[in-house]
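First the structure, in the form of structure tokens, and then the observations on it.
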Amino acid sequence: MSVSPAASVAPSSVLALRERVHARGGLILEAEIDLLRAQGPGGAVGYVLEGVFGDHPDLSAALRLQLVQLWQRQGAWVEAHELAQTRAFEQQALADAPRDAFDAVRGSIAAELGLMTGSGAGFAHSRLEAARLVSPTGLLAETHQCLLRGWITSSIARMLADAAGDLIDGLGSKATLEQMKAVTEQLQARVLFTSIKDIDPATGIGIPRAYASARDAINRAVNRIDPDRAARRKARAHHERGVFFRPLPDEGLAIITATLPIADATEMFEHLSDLAQSLHDETPDGPTVAQLRADILVSAVCRAVDLLRDGKSLPERPTWRVGLVMDLATLMALREGKSELPGIGEIDPELARILAEDAQWQTFIHSPLTGEILDQGSATYRPSEKLRNFIRARDPHCTFPGCRKRSHRCQLDHITPFPTGPTTRANLHPLCQHHHNLKTHAQWQAERDHELGTTTWTSPHGVAVIADDPPPF
Ligand SMILES: [Zn+2]
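Numbered per the working numbering, the sequence shown finishes at 478, counting up by one with no gaps.
Written as structure tokens, this is what we have:
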């Protein structure tokens with residue numbers, strides 16, 4: 006199986022085209038669009054397209070639409086190159102890595118790529134997975150070829166990569182390269198070649214398969230190639246269950262999302278709704294059914310957790326105390342200064358004063374002029390409770406750029422290792438487990454600027470990024 010070669014037009018004649026387009030004030034003719042389409046995407050074609058004045062009054066809507074397609078194919082071509090380069094970077098970085106630090110280096114590679122492209126480590130991780138498959142030497146090399154020609158969209162390439170990853174996972178950890186080749190070849194045979202069948206390789210005329218149709222075809226193909234997949238996906242969905250929290254401080258609300266097996270979710274929702282409905286029927290002028298569901302959920306969960314804890318010896322509830330940062334004048338209601346719950350966000354000063362009276366909240370007073378909070382220090386390795394709480398108020402998140410792991414779930418790292426570096430406010434910062442590992446095992450360096458409160462991170466391959474989440478005020 007291979008993708009037939011593109012019609013080739015001498016690049017020099019493509020470049021001469023740019024001159025003609027330019028001489029016409031950016032107007033391109035239909036025959037010239039045909040020539041570019043037959044050439045297929047690339048640097049020379051991009052150079053001509055860039056010289057086209059897409060708003061030219063003599064350009065018909067039909068030709069403008071053709072130009073959109075040419076640009077879209079350029080985008081696919083760029084994506085193909087980016088994936089190939091991503092793969093090349095990963096291979097070199099792994100080749101340079103010491104064997105004993107392989108896992109940390111893998112995490113480090115995703116972190117560097119995420120920083121360099123501004124996309125975050127999670128997205129970079131999935132790009133790396135796609136690049137291992139969709140690259141000139143990967144198991145989906147033909148998919149890479151089609152992307153390079155602009156014959157498939159990047160979303161189809163991504164779906165094929167995900168599906169191939171699924172099929173390879175399904176083979177288990179002892180799968181041979183031959184087995185992996187067999188499943189990825191079947192996948193491409195069933196989907197890729199039908200996806201490009203309407204495009205004439207000689208002229209480039211035609212449209213790619215629609216997204217939804219390709220998605221269905223990929224699902225069908227994967228289920229044929231690997232009939233056990235449905236059961237496996239169900240098991241994985243079960244594995245991905247969880248409860249997540251997202252604060253909306255501006256509205257004084259927070260969203261709790263629960264991802265649950267569908268049977269559990271349905272049962273729970275029906276119980277909630279039954280009770281809420283019967284309470285609502287008793288007092289129709291009272292809270293709505295939706296509001297009652299919320300009230301019942303809170304009291305049910307809080308009571309159930311206490312019951313579970315009493316019945317079984319679950320671990321103690323962590324004694325994390327919520328910090329509240331405000332200035333003295335605001336606390337005394339002399340002014341309406343800024344108040345914040347570290348890691349959650351700014352809150353209304355009146356609400357802050359109410360919370361400050363509650364013993365569960367630990368209040369940190371800052372100067373309204375500098376935003377500075379008082380310091381505590383220690384000569385021991387383990388920071389005092391007071392110092393830990395201080396750091397959590399100062400740095401609400403892990404100090405790695407873009408990481409939003411809440412400070413109270415992080416470890417306190419000595420920026421300069423103890424005992425060379427002391428256990429002080431200046432030498433401590435919160436790091437999540439993952440970013441702590443990068444610093445300890447993968448040659449990432451952190452440097453804190455005490456004046457500005459910023460941390461500069463330098464990656465093993467020299468990407469330097471300043472994590473400049475502003476201090477509370
Ligand atoms: Zn982190």
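Backbone N, C-alpha and C fix where the C-beta goes; we use that ideal spot for every residue, glycine too.
Rounded Cβ spacing between residue i and residue j (contact assumed at less than 8 Å)
| i | j | result |
| --- | --- | --- |
| His440 | Phe405 | 4 Å |
| Leu72 | Val57 | 7 Å |
| Pro206 | Ile157 | No, Pro206 and Ile157 are not in contact; Cβ-Cβ is about 13 Å, not under 8 Å. |
| Gly430 | Leu392 | Reading off the sequence shown, one finds Arg at residue 430, where the question assumed Gly. Right, their Cβ atoms sit about 7 Å apart. |
| Ile254 | Gly125 | According to the sequence shown, residue 254 is Pro rather than Ile. Actually they are not in contact, since the Cβ atoms of Pro254 and Gly125 sit about 22 Å apart, beyond 8 Å. |
| Ala259 | Pro252 | 4 Å |
| Pro292 | Asp300 | 7 Å |
Short Cβ contact (7 Å threshold) for residue i with residue j
| i | j | result |
| --- | --- | --- |
| Ala162 | Thr142 | no |
| Leu144 | Leu153 | no |
| Val196 | Ala222 | yes |
| Ala100 | Val110 | no |
| Asp353 | Gly342 | no |
| Pro435 | Cys408 | no |
| Ala169 | Thr189 | yes |
| Ala242 | Val330 | no |
| Ala334 | Ser344 | no |
| Ala281 | Leu302 | no |
| Thr460 | Arg453 | yes |
| His61 | Gly31 | yes |
| Leu433 | Leu417 | yes |
| Tyr216 | Ser160 | yes |
| Ala226 | Leu172 | no |
| Gly155 | Pro46 | yes |
| Leu22 | Val53 | yes |
| Val468 | Met185 | no |
| Gly209 | Ala43 | yes |
| Thr388 | Thr445 | The sequence shown places Pro at residue 388, rather than the Thr named in the question. No, Cβ-Cβ distance for Pro388 and Thr445 is not below 7 Å. |
| Ile204 | Cys151 | no |
| Arg246 | Leu265 | yes |
| Ala136 | Thr181 | no |
| Ala49 | Leu68 | no |
| Ser412 | Pro401 | yes |
| Ile261 | Phe250 | yes |
Residue i Cβ short of 6 Å to ligand 3 heavy atom set
| i | result |
| --- | --- |
| Lys343 | What this structure holds is ligand 1, not ligand 3. |
Output the residue ranges of the beta strand (DSSP E) runs that lie fully inside the segment 407-443 and measure 3 residues or longer, sorted by chain position. Taking only runs of at least 3 residues, the beta strand (DSSP E) segments lying wholly in the segment 407-443 are 416-419, 433-436.
Answer yes if the segment 83-91 comes into contact with the segment 115-134, meaning at least three C-beta pairs across the two stretches below 8 Å, and no otherwise. Enough Cβ pairs lie closer than 8 Å, so yes.
How about the segment 110-126 and the segment 431-450: do they share at least three Cβ pairs that are nearer than 8 Å? The answer is yes - the segment 431-450 touches the segment 110-126, with three or more Cβ pairs under 8 Å.
Tell me the start and end of each unbroken alpha helix (DSSP H) in the segment 205-278 that is at least 4 residues and wholly inside, in chain order. 216-230, 234-244, all fully within the segment 205-278.
Hey, which residues come within less than 5 Å of ligand 1, measuring from Cβ to any heavy atom, in chain order? With the cut-off at 5 Å, the residues found are Cys403, Phe405, Cys408, Lys410, Cys437, His440.
Taking contact to mean at least 3 C-beta pairs separated by less than 8 Å, is the segment 232-242 in contact with the segment 197-205? Under the 8 Å Cβ criterion, the segment 232-242 does not count as touching the segment 197-205, having fewer than three qualifying pairs.
For a minimum of 4 consecutive residues, which ranges assigned as the alpha helix (DSSP H) are wholly contained in the segment 133-180? List check, alpha helix (DSSP H) in window: 146-154, 159-175.
Give, in chain order, every unbroken run of the alpha helix (DSSP H) that is at least 4 residues long and sits entirely within the segment 8-60. Runs found: 16-28, 35-44, 48-55.
Can you list, in chain order, the stretches of the beta strand (DSSP E) that have 3 or more residues and sit fully within the segment 284-309? No beta strand (DSSP E) of 3 residues or more sits fully in the segment 284-309.
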